[in-house]
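Peer 1: The structure under discussion is supplied below as structure tokens; questions concerning it will follow.
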Amino acid sequence: MKKLILFISGIVLSATVSTTSAQQLPNNSFTDWKSACGSSDQVDKNGGTTARQRPGVEPTDWNGSNVKQVVSIFTGQSDKLVTKETAGRSGNSVCLTNTKVEVMGIGAVAPGYITFGIPWVFASSTMSECDGGTYGGMDFAYRPDAFRGYFKRTSTNSSEKSYVIAYLWDGTFTSKVGKKSDPKGDKYDVDRAVLAGIAGIPAAAAVSEKGTLVAYCNHSFTSTTNNEWQELTIPLTYKTTSTVPSKMNLIICAGDYWNRDALTANTRLYVDDVKYLYYSRLKSVLLGGYNVPLTDGVYDYVAYVGNPTSCDATVLGGAPTKSVTKSNDTANNIYSITVTNNTAGDNATDIDGKKSHTYNFKYMSQTTGHIGVMNLPEGTFKFGPREIPVDYIQEEDGTYALSFGDPEGEFAIEDAAGREFYLNRTVIKGVTMTVDSDRCYVFTKDGETDGGEYTVSLVNDGSTKCIYDTADGRWIFNFDVNVNGKVTRVTVTSDTTLSGVNGMNEMNERVVARRGAIEVSGFDGVAEVYTVDGRLVAKTTVAGNAQIAASNGIYLVRTPNTVKKVIVR
């Protein structure tokens with residue numbers, strides 16, 4: 000196998016990186032800068048290569064696209080494509096700017112980008128024959144799940160794309176570069192050759208040797224919010240999980256890296272704090288047939304299921320470097336799942352700097368509970384000794400639409416196991432209600448007349464498959480469940496025609512993240528804003544609509560009938 004050794008300004012890049020940081024990108028916060036740039040390759044029409052030192056400065060361990068080109072006896076150069084920004088997001092950052100490079104008044108816009116590979120260029124007075132790109136990279140034998148970085152883009156051209164391109168591979172790719180219509184120079188591990196066949200990547204010329212592409216991302220974006228710093232997390236797509244990569248390259252470009260005809264002068268992109276993420280979190284959990292809704296940063300949950308006999312857990316990311324362990328504490332009704340990223344090294348961590356996360360799911364002590372009795376259509380909803388007035392009754396083809404009233408706005412009940420259930424003023428339609436395919440609240444009728452009693456049962460055995468109450472699948476059911484002091488709002492709605500019953504407006508509720516605020520609308524009542532760890536940070540009375548000031552972050556917003564996660568940026 001051919002081995003590519005990178006030379007920059009006559010210094011050989013070491014193929015080994017310290018084991019404490021090898022899993023990460025070197026100089027990832029752009030703290031350190033070279034006093035002089037390295038060299039790029041200028042390829043001539045016969046395939047020969049001349050190394051030309053780039054003008055200006057660039058981050059240590061990185062190569063930039065500052066350019067020095069010679070056409071005939073004339074030289075064109077620019078040190079403005081890659082520059083140092085001292086007032087960055089957290090100290091130094093790198094500024095990438097698309098810049099027009101001219102020789103004797105003839106020129107074209109060049110892309111501002113940084114990379115671990117070596118930039119190459121074919122310069123000609125015939126603009127249609129000019130070409131360029133990147134070859135090589137760095138040794139890298141790890142399998143991250145995603146790339147994360149902070150970006151700020153300023154540009155008058157909102158349509159031009161900026162790019163983040165990462166690729167990991169094994170082996171060697173050999174192809175030709177140079178004059179666009181007749182490339183003759185051999186280069187190893189050219190970007191287009193390694194990424195051949197990926198949508199949006201131009202074809203490489205005369206590929207004579209192929210390695211194995213392991214994983215990649217080819218992410219483009221046209222702006223950042225209000226031209227401010229924005230965090231981007233970009234997943235890597237794995238082409239194979241059986242091959243461990245031996246090399247990696249990363250290209251971050253202010254403009255359209257793959258289409259140089261689309262480059263626009265002065266498109267500017269600031270970059271800071273870039274790293275790879277090695278996930279150790281869950282993507283989804285099917286516990287005892289119950290799909291537990293997961294929230295970022297939350298690791299303790301209530302699962303509305305009895306002692307689970309099965310667990311199907313899916314982890315985040317495509318890298319095959321994670322282990323999952325499961326345990327069931329039947330004495331305390333807690334099912335635990337631990338996800339661990341087994342990549343060696345302290346820097347192979349998730350977004351929170353951790354290599355392992357444990358999820359705890361508190362499940363129910365029994366699978367079926369008798370909740371109460373409902374008398375129809377006598378005007379009351381009876382739970383044990385309490386009778387709750389029925390505000391509205393409507394008979395449609397043997398089914399009912401009900402709205403339960405209570406002076407205090409809610410009432411509590413207990414099942415035979417002593418579990419408390421809080422039921423808010425609610426509309427219920429039909430005889431059988433479904434929360435999802437495995438968690439059912441079943442209303443069964445005793446008696447043949449309209450005055451017969453309906454028994455409400457909670458079914459959590461993971462095998463019962465309930466149906467919707469009418470042929471067209473309409474139902475609405477909203478309530479709170481309190482298990483061991485933790486209240487979870489459950490909202491099930493599908494019939495917007497019921498939203499006006501007795502002034503109820505659950506169906507019109509909206510929670511939307513705005514810039515620096517959360518907008519709530521469509522109801523009269525109280526909205527509460529919590530952090531993901533359960534701290535109440537705001538509470539306001541809503542009369543139709545309201546705006547709640549909020550700093551950037553993830554929040555849970557509780558309204559009279561829903562709980563919704565929003566991200567304020």
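Mapping of the sequence shown onto numbering that gives the first Met the number 0: position 439 corresponds to residue 438, and the numbering continues sequentially without gaps.
Where a beta carbon is used, it is the ideal one built from N, C-alpha and C, also for glycine.
The structure displayed is predicted, hence computed values, not measured ones.
Which residues in the same chain as Thr98 place their Cβ atom closer than 8 Å to its Cβ, once the five residues preceding and following it in sequence are excluded?
Peer 2: Reading the sequence shown from its first residue, position 99 is the one you call residue 98. Contacts found: Ser77, Lys79, Leu80, Val108, Ala109, Gly111, Ala264, Asn265.
Peer 1: Under 9 Å between the Cβ atoms of Phe172 and Leu286?
Peer 2: By one-based count along the sequence shown, residue 172 stands at place 173. By one-based count along the sequence shown, residue 286 stands at place 287. Contact: no.
Peer 1: Please report the distance separating the alpha-carbon of Glu230 from that of Ser222.
Peer 2: Walking along the sequence shown from the start, residue 230 turns up at place 231. Walking along the sequence shown from the start, residue 222 turns up at place 223. Rounded to whole angstroms, Glu230 to Ser222 spans 12 Å at the Cα level.
Peer 1: Can the beta-carbon of Cys216 be found closer than 9 Å to that of Pro234?
Peer 2: Position 217 of the sequence shown, counting from 1, holds the residue named residue 216. Position 235 of the sequence shown, counting from 1, holds the residue named residue 234. Result yes, Cβ atoms of Cys216 and Pro234 sit closer than 9 Å.
Peer 1: Given a threshold of 16 other Cβ atoms within 10 Å of its Cβ, counted over all protein chains shown, does Asp345 qualify as buried or as exposed?
Peer 2: The residue labelled residue 345 in the question sits at position 346 within the sequence shown. Exposed: under 16 other Cβ atoms inside 10 Å.
Peer 1: Exposed or buried, what is Thr558 when buried is set at 16 or more other beta-carbons lying within 10 Å of its beta-carbon?
Peer 2: Sequence index remark: in the sequence shown, residue 558 carries index 559 (1-based). Burial call: buried.
Peer 1: Considering only C-alpha positions, which residue in the set Ser279, Lys353, Leu268, Asp311 is nearest to Gly288?
Peer 2: For the purposes of this step, residue 288 is identified with residue 289 of the sequence shown, where counting begins at 1. The option with the nearest alpha carbon to Gly288 is Asp311.
Peer 1: Using 10 angstroms around the beta-carbon of Ile250, count the other beta-carbons present and answer buried if the total reaches 16, otherwise exposed.
Peer 2: For this step, residue 250 is matched to residue 251 along the sequence shown. That one is buried.
Peer 1: Is Val556 closer than 9 Å to Val519 when the C-beta atoms are compared?
Peer 2: Residue mapping note: residue 519 aligns to position 520 of the sequence shown, counting from 1. Residue mapping note: residue 556 aligns to position 557 of the sequence shown, counting from 1. Contact flag set, yes.
Peer 1: Return the CA-CA distance between Asn65 and Gly131, expressed in angstroms with no decimal places.
Peer 2: The residue given as residue 65 occupies position 66 in the sequence shown. The residue given as residue 131 occupies position 132 in the sequence shown. One C-alpha to the other measures close to 13 Å.
Peer 1: Determine the direct distance from the alpha carbon of Val565 to that of Phe121, and round the result to whole angstroms.
Peer 2: The residue you call residue 121 lines up with position 122 of the sequence shown. The residue you call residue 565 lines up with position 566 of the sequence shown. Between Phe121 and Val565, the C-alpha separation is close to 49 Å.
Peer 1: With 16 other CB atoms within 10 Å as the buried threshold, where does Pro319 fall?
Peer 2: Counted from its first residue, the sequence shown places residue 319 at position 320. Looking at its Cβ environment, which holds fewer than 16 other Cβ atoms inside 10 Å, Pro319 is exposed.
Peer 1: Are the CB atoms of Val270 and Ile113 within a distance shorter than 9 Å?
Peer 2: Along the sequence shown, one-based indexing puts residue 113 at 114. Along the sequence shown, one-based indexing puts residue 270 at 271. Against a cut-off of 9 Å, the Cβ pair of Val270 and Ile113 comes out as a contact.
Peer 1: What residues match up with Tyr134 in a beta bridge as DSSP calls it?
Peer 2: The residue you call residue 134 lines up with position 135 of the sequence shown. DSSP output for Tyr134 lists Ile117, Val189 as bridge partner(s).
Peer 1: For Val193 and Tyr529, what's the separation of their Cα atoms in angstroms?
Peer 2: In the sequence shown, residue 193 corresponds to position 194, counting from 1. In the sequence shown, residue 529 corresponds to position 530, counting from 1. Whole-angstrom Cα-Cα distance: 46 Å.
Peer 1: Please name the residue, chosen from Cys129, Ile164, Val163, Gly136, that lies closest to Asp181 on a Cα-to-Cα basis.
Peer 2: Residue mapping note: residue 181 aligns to position 182 of the sequence shown, counting from 1. It is Cys129.
Peer 1: Less than 9 Å between the C-beta atoms of Met247 and Trp119, yes or no?
Peer 2: Along the sequence shown, one-based indexing puts residue 247 at 248. Along the sequence shown, one-based indexing puts residue 119 at 120. Going by C-beta atoms, Met247 is not nearer than 9 Å to Trp119.
Peer 1: Could you tell me whether the stretch 201 to 210 touches the stretch 141 to 155, using the rule of 3 or more Cβ pairs below 8 Å?
Peer 2: They do not touch, by the three-pair rule.
Peer 1: Spatial neighbours of Thr85 within its chain, please: C-beta separation below 7 Å, excluding the five flanking residues on both sides.
Peer 2: Here residue 85 is taken as the residue at index 86 of the sequence shown, counted from 1. Only Asn91 meet the Cβ criterion.
Peer 1: Mind checking which residues open and close the beta strand (DSSP E) that includes Ser124?
Peer 2: Here residue 124 is taken as the residue at index 125 of the sequence shown, counted from 1. First-last for Ser124: undefined, no H or E at that position.
Peer 1: To which residues of the same chain is Tyr256 closer than 7 Å at the C-beta, ignoring the five residues directly before and after it?
Peer 2: Sequence index remark: in the sequence shown, residue 256 carries index 257 (1-based). So the list reads Pro110, Tyr112, Tyr162, Ile164, Ile250, once near-sequence residues are dropped.
Peer 1: Which residues bound the beta strand (DSSP E) around Cys216?
Peer 2: Numbered from its first residue, the sequence shown carries residue 216 at position 217. 211 to 220 is the extent of the beta strand (DSSP E) around Cys216.
Peer 1: Classify Val511: buried if its beta carbon has 16 or more other beta carbons within 10 angstroms, exposed otherwise.
Peer 2: Numbered from its first residue, the sequence shown carries residue 511 at position 512. It counts as exposed.
Peer 1: Nearest to Tyr300 by CA position, among Tyr334, Phe220, Trp228, Thr342, is which residue?
Peer 2: Position 301 of the sequence shown, counting from 1, holds the residue named residue 300. The candidate whose alpha carbon is nearest that of Tyr300 is Tyr334.
Peer 1: Once DSSP output is grouped into helix, strand and coil, what is the label at Leu497?
Peer 2: In the sequence shown, the residue the question calls residue 497 occupies position 498. Annotation note: pLDDT 27 at Leu497 (below 50); position unreliable, no value reported.
Peer 1: Going by other Cβ atoms of all chains shown within 10 Å of its Cβ, with 16 needed for buried, is Asp260 buried or exposed?
Peer 2: Counting from one through the sequence shown, the residue named residue 260 turns up at place 261. It counts as exposed.
Peer 1: State the DSSP-derived secondary structure class of Asp271, mapped to helix, strand or coil.
Peer 2: For the purposes of this step, residue 271 is taken as the residue at position 272 of the sequence shown. Reduced to three states, the DSSP call for Asp271 is strand.
Peer 1: Once DSSP output is grouped into helix, strand and coil, what is the label at Arg513?
Peer 2: Mapped onto the sequence shown, residue 513 falls at position 514. In this structure, Arg513 counts as strand in the three-state DSSP scheme.
Peer 1: Using the Cα positions of Ser174 and Gln22, report the straight-line distance between them to the nearest angstrom.
Peer 2: Residue numbering aside, residue 174 sits at position 175 when the sequence shown is read from its first letter. Residue numbering aside, residue 22 sits at position 23 when the sequence shown is read from its first letter. If you take the alpha carbons of Ser174 and Gln22, they lie about 28 Å apart.
Peer 1: For Gly170, which of Lys178, Thr211, Tyr275 has the nearest alpha-carbon?
Peer 2: Here residue 170 corresponds to residue number 171 of the sequence shown, with the count starting at 1. Ranking Lys178, Thr211, Tyr275 by Cα distance to Gly170 puts Thr211 first.
Peer 1: By DSSP, does Asp299 sit in helix, in strand, or in coil?
Peer 2: Residue mapping note: residue 299 aligns to position 300 of the sequence shown, counting from 1. In the structure shown, Asp299 sits in a strand (DSSP, three-state: E or B).
Peer 1: How about Val338 and Lys321: are their beta carbons less than 9 Å apart?
Peer 2: Mapped onto the sequence shown, residue 338 falls at position 339. Mapped onto the sequence shown, residue 321 falls at position 322. Going by C-beta atoms, Val338 is nearer than 9 Å to Lys321.
Peer 1: Can you pull the DSSP bridge partners for Asp169?
Peer 2: Here the question's residue 169 lines up with position 170 in the sequence shown. Thr211.
Peer 1: For Gly515, does the count of other Cβ atoms within 10 angstroms reach 16, so buried, or fall short, so exposed?
Peer 2: Start at 1 with the first residue of the sequence shown, and residue 515 comes out as number 516. Gly515 should be labelled exposed.
Peer 1: What is the DSSP secondary structure of Asn290, counted as helix, strand or coil?
Peer 2: Reading the sequence shown from its first residue, position 291 is the one you call residue 290. Asn290: strand per DSSP, three-state reduction.
Peer 1: If we count the other Cβ atoms within 10 Å of its Cβ and call it buried at 16 or more, is Asn45 buried or exposed?
Peer 2: Here residue 45 refers to the residue found at position 46 when the sequence shown is read from its first residue. By the neighbour-count rule (16 or more Cβ atoms within 10 Å), Asn45 is not buried but exposed.
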